[in-house]
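From first to last, the protein sequence lines stand for chains V and A. Mapped onto this note's numbering, the consecutive letters of the first sequence carry residue numbers 205 to 534. Mapped onto this note's numbering, the consecutive letters of the second sequence carry residue numbers 711 to 962.
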Amino acid sequence: MNIRQYIPAGILVAVVVAFQLAVVLTGQDYLLTQLTMSAYYALVIIGLSVLMGYAGQISIGHAAFFAIGGYTAAVLTTGAFRLSPWLSLAVAVAITVVIAFLIGIPILKLKGHYLAMATLSFGVIVYRIVLGTGVFGEADGISDVPGFTLLPGLTVTGGAASRVENYYIAWFLVTLAIILLINLINSRVGRALRSIHGSEEAANAMGVNTAGYKLAIFVLSAVFAAVGGVFLTHYTGGIGPSEAGVMKSVRYVAIVAVGGMANIWGALVMGIVLNYLSLRGYFGTYDDIFFGAILIIIMLFYPDGILQRKTLDDLRSLARSLVARIRGRR
Amino acid sequence: MSFFAVENLSRAFGGLQAVSDVSFAVREHSIHAVIGPNGAGKTTLFNLIAGSLAPDSGAIRLNGDPLQSLPPYKIARKGIARTFQNVKLFRHMSVLENVMLGRHVRSRAGFGAALLNLPHTWREERSIRQRSLEILDTLGIADLADADAVSLAFGKQRIVEFARALATEPTLLLLDEPAAGLNMHETDEIARLIADIRARGITVLIIEHDMSLIMDISDHIAVLSSGKKIAEGTPAEIQRNRDVIAVYLGED
Chain V
205 MNIRQYIPAG ILVAVVVAFQ LAVVLTGQDY LLTQLTMSAY YALVIIGLSV LMGYAGQISI
265 GHAAFFAIGG YTAAVLTTGA FRLSPWLSLA VAVAITVVIA FLIGIPILKL KGHYLAMATL
325 SFGVIVYRIV LGTGVFGEAD GISDVPGFTL LPGLTVTGGA ASRVENYYIA WFLVTLAIIL
385 LINLINSRVG RALRSIHGSE EAANAMGVNT AGYKLAIFVL SAVFAAVGGV FLTHYTGGIG
445 PSEAGVMKSV RYVAIVAVGG MANIWGALVM GIVLNYLSLR GYFGTYDDIF FGAILIIIML
505 FYPDGILQRK TLDDLRSLAR SLVARIRGRR
Chain A
711 MSFFAVENLS RAFGGLQAVS DVSFAVREHS IHAVIGPNGA GKTTLFNLIA GSLAPDSGAI
771 RLNGDPLQSL PPYKIARKGI ARTFQNVKLF RHMSVLENVM LGRHVRSRAG FGAALLNLPH
831 TWREERSIRQ RSLEILDTLG IADLADADAV SLAFGKQRIV EFARALATEP TLLLLDEPAA
891 GLNMHETDEI ARLIADIRAR GITVLIIEHD MSLIMDISDH IAVLSSGKKI AEGTPAEIQR
951 NRDVIAVYLG ED
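Below, the structure written as structure tokens:
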């Protein structure tokens with residue numbers, strides 16, 4: 205087995221622990237809340253990164269899968285149902301698999317812009333459904349969702365008392381997801397996914413069932429999104445229609461693009477940083493504008509993402525020319 | 711029963727009969743060529759055989775099994791590999807990774823096993839890598855293993871494409887104009903490579919425009935013109951055939 209491929213995951217664990225210790229020691233525990241929420245959003249983003257960056261299939265509808273997970277958990281654990289969160293998690297995953305499968309079969313035959321439009325439309329449909337249906341709470345969404353007790357004494361729920369344990373639950377899930385995706389990427393299956401991106405026609409001619417692989421990775425990334433939705437809904441105690449919104453899907457795509465498409469680490473880092481800043485309110489009312497704008501900038505100047513060599517080179521030459529100009533003035 | 715056979719194959723595009731009632735058989739371990747002037751229907755015939763087009767009628771058989779209704783990836787699993795006229799290597803992948811993808815049909819790790827990196831998965835992965843390196847070595851391009859495949863010179867890309875096809879361990883190799891875009895030196899190199907491949911027991915079916923390459927290496931040649939087969943025989947027979955001379959040089 206190639207142990208070296210897991211070194212970055214080990215570093216991730218160390219960073220997660222170090223960060224927790226640092227914020228507790230400096231008395232800024234409240235920061236963990238946004239980091240926990242960012243971690244659940246990161247599940248959507250790293251799954252989407254494999255779909256987009258490795259298999260080369262865009263989806264501007266992944267917020268819909270996040271919402272399908274979150275809303276299923278919210279409906280089933282509140283009101284008339286009051287099912288166990290474990291059961292509702294299983295139902296949420298099952299529903300997501302079925303929907304992703306049924307949507308994926310026809311639309312994954314489309315390519316490029318057409319696939320983008322089809323996934324976008326799917327996102328719009330799901331958004332309008334949750335917004336217009338009584339059982340989903342219409343514009344108010346669903347609140348008072350109970351915590352999710354994973355093990356006795358370990359519950360996914362908000363509130364200051366369980367902040368630290370929830371931070372670790374979320375990051376455990378992200379680490380697990382990352383390890384699974386590293387395995388996938390470094391396997392025969394990962395190579396087949398990349399070959400679809402490289403030349404679908406050649407991949408098919410070399411024996412890769414391209415339609416099957418595209419569908420499988422689409423469903424897998426949808427499940428990652430749905431699981432993120434389930435956990436975040438239990439953590440925050442509710443979900444609203446904005447989670448299904450088109451701008452959320454655009455945000456996920458923008459973050460994957462900033463992270464460098466075929467780079468789950470870039471997607472993870474940018475996912476955490478940008479979601480964290482957004483949740484802390486750094487972008488104020490310009491939140492959506494910010495994510496739309498970075499998508500444009502990335503596509504224009506850094507189509508391979510900003511976490512790459514070219515960015516460093518550009519910064520270095522920028523710094524050099526600034527230094528030269530300052531010297532020149534003297 | 712012949713090893714590989716095309717039987718009464720036809721395909722039209724609107725009013726144009728691109729391939730019309732074409733039949734021929736390929737003997738095992740031979741190099742069989744299909745030639746013809748531009749517009750003769752060579753590329754359509756190739757696409758029909760490779761599964762990227764469906765025929766209107768007729769059959770394609772490998773050891774008697776019909777192939778004509780199968781998608782390309784299933785044809786590949788039957789032991790038929792191909793190259794492309796314009797060379798289609800995988801972008802964003804190294805030479806070695808391109809060749810490793812050729813091992814796809816000879817390996818089996820599925821989605822679940824890959825996600826969990828089960829012991830048999832990583833062992834299989836190791837053997838895929840070893841086998842692919844061996845193939846690069848045999849073709850004399852081991853030094854290019856880590857190079858980005860699509861940034862190589864065109865002639866080298868063509869060799870990598872051969873390596874990728876050979877990695878599938880095909881019984882039949884389909885070559886779509888392997889000399890297209892190559893200079894004379896590179897064409898000679900490809901001719902040697904094709905002879906080598908046959909020597910390893912792989913049957914080769916070439917569709918080609920370059921007559922010199924075909925006459926040198928083929929055992930058997932079928933000639934297409936306007937979608938129909940107009941002649942078939944050994945290179946010597948084809949060179950003497952009046953119909954063939956007429957379609958190539960124009961007749962009076």
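Even glycine gets a Cβ: it sits at the ideal position worked out from N, Cα and C. For clarity, every value in this text was computed on a predicted model and none was experimentally measured.
Sub-9 Å separation of residue i and residue j beta-carbons
{"i": "A/L679", "j": "A/A769", "result": "Any answer about residue 679 of chain A is impossible in this case: the structure gives chain A only from 711 up to 962."}
{"i": "V/G463", "j": "V/G496", "result": "no"}
{"i": "A/S935", "j": "A/A750", "result": "yes"}
{"i": "A/L708", "j": "A/A791", "result": "No answer is possible for residue 708 of chain A: the residues shown for chain A start at 711 and end at 962."}
{"i": "V/P445", "j": "V/G345", "result": "yes"}
{"i": "V/F223", "j": "V/S425", "result": "no"}
{"i": "V/V431", "j": "V/A243", "result": "no"}
{"i": "V/V378", "j": "V/L216", "result": "yes"}
{"i": "V/F494", "j": "V/F505", "result": "no"}
{"i": "V/Y331", "j": "V/A271", "result": "yes"}
{"i": "A/T753", "j": "A/R721", "result": "no"}
{"i": "V/T398", "j": "A/H895", "result": "One detail in the question is off: residue 398 of chain V reads as Arg in this sequence, not Thr. Result no, Cβ atoms of V/R398 and A/H895 do not sit closer than 9 Å."}
{"i": "V/G257", "j": "V/N479", "result": "no"}
{"i": "V/I373", "j": "V/A213", "result": "no"}
Nonlocal neighbours in the same chain, by C-beta distance under 6 Å from residue i, ignoring five residues either side
{"i": "A/V805", "result": "L854, A855, A857, A859, V870"}
{"i": "V/H266", "result": "V248, L252, A429, S453, Y456"}
{"i": "A/I916", "result": "A743, L885"}
{"i": "V/I307", "result": "F326"}
{"i": "A/R972", "result": "Absent from the model: residue 972 of chain A. The displayed extent of chain A is 711 to 962, so no value can be given."}
{"i": "A/H814", "result": "none"}
{"i": "V/F340", "result": "Y275, V334"}
Reduced DSSP category for residue i - H, G, I as helix; E, B as strand; rest coil
{"i": "A/A728", "result": "strand"}
{"i": "A/A750", "result": "coil"}
{"i": "V/F435", "result": "helix"}
{"i": "A/L763", "result": "coil"}
{"i": "A/D847", "result": "helix"}
{"i": "A/V805", "result": "helix"}
{"i": "A/I912", "result": "coil"}
{"i": "A/F872", "result": "helix"}
{"i": "V/I264", "result": "coil"}
{"i": "A/A863", "result": "coil"}
{"i": "A/D920", "result": "coil"}
{"i": "A/P776", "result": "strand"}
{"i": "A/E942", "result": "strand"}
{"i": "V/R484", "result": "coil"}
{"i": "A/R839", "result": "helix"}
{"i": "A/N718", "result": "strand"}
{"i": "A/L758", "result": "helix"}
{"i": "V/G231", "result": "coil"}
{"i": "V/L287", "result": "coil"}
{"i": "V/I307", "result": "helix"}
{"i": "A/F713", "result": "coil"}
Chain-ordered chain V contacts of residue i [CB-CB under 8 Å]
{"i": "A/R801", "result": "H401, G402, S403"}
{"i": "A/E918", "result": "Correct list: empty, because the minimum Cβ distance to chain V is about 18 Å."}
{"i": "A/L883", "result": "By Cβ distance, chain V contributes nothing, its closest Cβ being about 12 Å from A/L883, past 8 Å."}
{"i": "A/R1011", "result": "This structure leaves residue 1011 of chain A out entirely; chain A is present only between 711 and 962."}
9 Å Cβ cut-off: residues of chain V touching residue i
{"i": "A/H930", "result": "Residues of chain V passing the Cβ test: none, with the nearest at roughly 24 Å."}
Amino acids of chain A, ordered along the chain, whose beta-carbon sits closer than 8 Å to that of residue i
{"i": "V/T414", "result": "Y783"}
{"i": "V/L388", "result": "F821, A824, L825"}
beta-carbon residue i near the ligand NAD non-hydrogen atom, thresh 8 Å
{"i": "V/L247", "result": "Because no ligand of any kind appears in the structure shown, any question about the ligand NAD cannot be addressed here."}
Same chain only: Cβ atoms within 7 Å of residue i, ignoring 5 sequence neighbours per side
{"i": "V/L314", "result": "A322"}
{"i": "A/E879", "result": "R816"}
{"i": "V/G351", "result": "T359, V360, T361, H438"}
{"i": "V/A343", "result": "L335, P445"}
Within chain V, the residues that residue i reaches when beta carbons sit closer than 7 Å
{"i": "A/S817", "result": "R392"}
{"i": "A/T831", "result": "S391"}
{"i": "A/T878", "result": "M410, G411"}
Proximal chain A residues relative to residue i, where beta-carbon distance stays under 9 Å
{"i": "V/N408", "result": "G761, S762, P781, P782, Y783, A786"}
Residue i at chain D interface by Cβ criterion, 9 Å
{"i": "A/E887", "result": "The question asks about chain D, but that chain is absent: this structure's protein chains are V and A."}
Contact set for residue i: own chain, Cβ-Cβ below 8 Å, skip 5 residues either direction
{"i": "A/V809", "result": "S842, I845, L846, V870, A873, R874, A877"}
{"i": "A/L849", "result": "I869, F872, A873, L876, L903"}
{"i": "A/R737", "result": "S712, F713, T913, D929, H930"}
{"i": "V/D348", "result": "T282, G441, G442"}
{"i": "V/A407", "result": "A396, S399, I400, T414"}
Within chain A, the residues that residue i reaches when beta carbons sit closer than 7 Å
{"i": "V/L541", "result": "Coverage of chain V is limited to positions 205 through 534, which leaves residue 541 of chain V absent and any answer about it impossible."}
{"i": "V/R395", "result": "E807, M810, L811"}
- Can you list, in chain order, the stretches of the beta strand (DSSP E) that have 3 or more residues and sit fully within the stretch 329–395 of chain V? 352–355, 358–360
- Let me know the alpha helix (DSSP H) ranges lying completely inside the stretch 402–436 of chain V, each 4 residues or longer, listed in chain order. 404–409
- Query: At what residue ranges does the stretch 435–511 of chain V contain a whole run of the alpha helix (DSSP H), taking only runs of 4 or more?
  - Reply: 450–463, 468–483, 491–505
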